[in-house]
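In the numbering used here, the protein residues as written are 36 to 484. Everything below concerns the one structure shown next.
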Ligand SMILES: Cc1ncc(COP(=O)(O)O)c(C=O)c1O
């Protein structure tokens, strides 16, 4: 029986629900990353590091709420905070104590967070950061890096000038694309040359490399960026939507000791509920403030609407999460498990003779399989950025790996990586290594790798 035949045999109820979903949602899914052929699984409930699908199969989860669930599913303290708040009301249309506590925690934990502005998602956070930078500098253009993801609004959807990156979607006006410049990461000379033209409001990047570290950054690139952006009076934005509160309590800026002007946050920030934030330099974030000067308010002030900004439920979940995150003890646990998992998966590749490499940082990992992938390495980080960036895994291989691992009770993020958490266990890791070994054998038998 092939991987796909086994998958269909194990998940008949998910297949049935998907048939119905196709009538309501385009391709039957509500986020691109959940798309999987011949159908994705439907989940009924989740707890800790595990989740259970509509057919009753149990899975060790590495999707972890797209990286939001640093303390796993239905964490008792976070759940209690949400339930307690739900009975007190979910929207006051007014200030409330929990938003203050949540914002103060962000300021305490994130080194560059002089002031905070809440939004409802990471996409809204990068939208606000770009707007603040443009208003503050009076310049129009944004500089991003190829394959760095900052959500799906127009300003970060891509760049007309990019040679190595096309926009993530059609439907973005050419005039908007013309205001975004995209360059390859790690080439500070090119960045410096572009900034010297004097029209760049902000440089935005994922501070551990494109697509949550799929293409890791060269050591020193962050510090170099800090230096050139200061020299050219350009706002430096670290998009820490994934890395924030994960690669250390204070994110990549704490881990690498480089403080940006603005930081965008979401995911872990809101404890598993929707929420985002821009945190940073007080002068820049203060572009949002009302002043006694009517001309400022009418012409210079940046608007800050958003019905669900800092809503009480997200604030309750976020504050509960951040109070546990700031101790760093869950990072020690999640990182230790990843440091066991990644080398073991590389060993499995070596034993199976399958070309590929597993690598990562802190509590995330990426898997590359197939011809052209670099050989397995020791350790978990992939520090060398010399030469061409690695190809992403072909989507057909990622799909087969995702289905194969699900057949063995493990759910990977888009079939090519995932997140460990403060609640994964040694048993989860052992089960995952066995599942990977078995799936590699099956992929090999089908001639896929
Ligand atoms: C680095 C980064 N920035 C921004 C976003 C967008 O966040 P959201 O999905 O909350 O809109 C994401 C989402 O995965 C992300 O990975």
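Here a beta-carbon is modelled for each residue, glycine too, at the ideal position from N, C-alpha and C.
- In this structure, residue 262 has its CB at a distance of at least 7 angstroms from all heavy atoms of ligand 1.
- When DSSP states are grouped into helix, strand and coil, residue 281 belongs to the coil group.
- For residue 81, there is no enclosing alpha helix (DSSP H); the enclosing beta strand (DSSP E) has its first and last residue at 78-82.
- The continuous alpha helix (DSSP H) containing residue 436 extends over residues 430-442.
- Between the alpha carbons of residue 387 and residue 442 lies a gap of roughly 19 angstroms.
- The criterion of a C-beta distance shorter than 8 angstroms is satisfied by residue 108 and residue 86.
- The stretch 330-338 makes no contact with the stretch 82-100: fewer than 3 CB pairs, one atom from each, lie closer than 8 angstroms.
- It is roughly 48 angstroms from the alpha-carbon of residue 337 to the alpha-carbon of residue 412.
- Distances from the alpha-carbon of residue 281 to those of 270, 267 and 300 put 300 closest.
- When DSSP assignments are scanned along the stretch 134-190, the uninterrupted stretches of beta strand (DSSP E) that are 3 or more residues long and fall wholly within it turn out to be 150-154 and 176-180.
- Remark: C-beta atoms of residue 414 and residue 391 do not approach each other more closely than 8 angstroms.
- Between the beta-carbon of residue 361 and that of residue 295 there is about 20 angstroms, and that puts the pair past the 8 angstroms contact cut.
- Per DSSP, residue 87 is one residue of the beta strand (DSSP E) stretching across 85-88.
- Rounded to whole angstroms, the Cβ separation of residue 181 and residue 220 is 7 angstroms, and the two are in contact under 8 angstroms.
- The stretch 228-242 makes contact with the stretch 164-175; the number of CB pairs closer than 8 angstroms reaches 3 or more.
- It is roughly 19 angstroms from the alpha-carbon of residue 206 to the alpha-carbon of residue 183.
- DSSP places residue 240 within a strand segment (E or B) once states are collapsed to three.
- Annotation for residue 141: 148, 151, 300, 304, 312, 314 and 357 place their beta carbon closer than 8 angstroms to its own, counting only its chain and skipping 5 residues before and after.
- Apart from sequence neighbours up to five positions away, the residues of its chain that approach residue 343 with a beta-carbon distance below 6 angstroms are 155, ordered along the chain.
- Residue 273 is positioned such that its CB atom lies no closer than 8 angstroms to that of residue 249.
- In this structure, the C-beta of residue 352 stays at least 7 angstroms away from each heavy atom of ligand 1.
- The straight-line gap separating the alpha-carbon atoms of residue 57 and residue 241 is approximately 34 angstroms.
- The stretch 67-79 makes no contact with the stretch 315-328; the number of CB pairs closer than 8 angstroms stays below 3.
- Checking the 7 angstroms criterion, the Cβ of residue 247 is within range of a heavy atom belonging to ligand 1.
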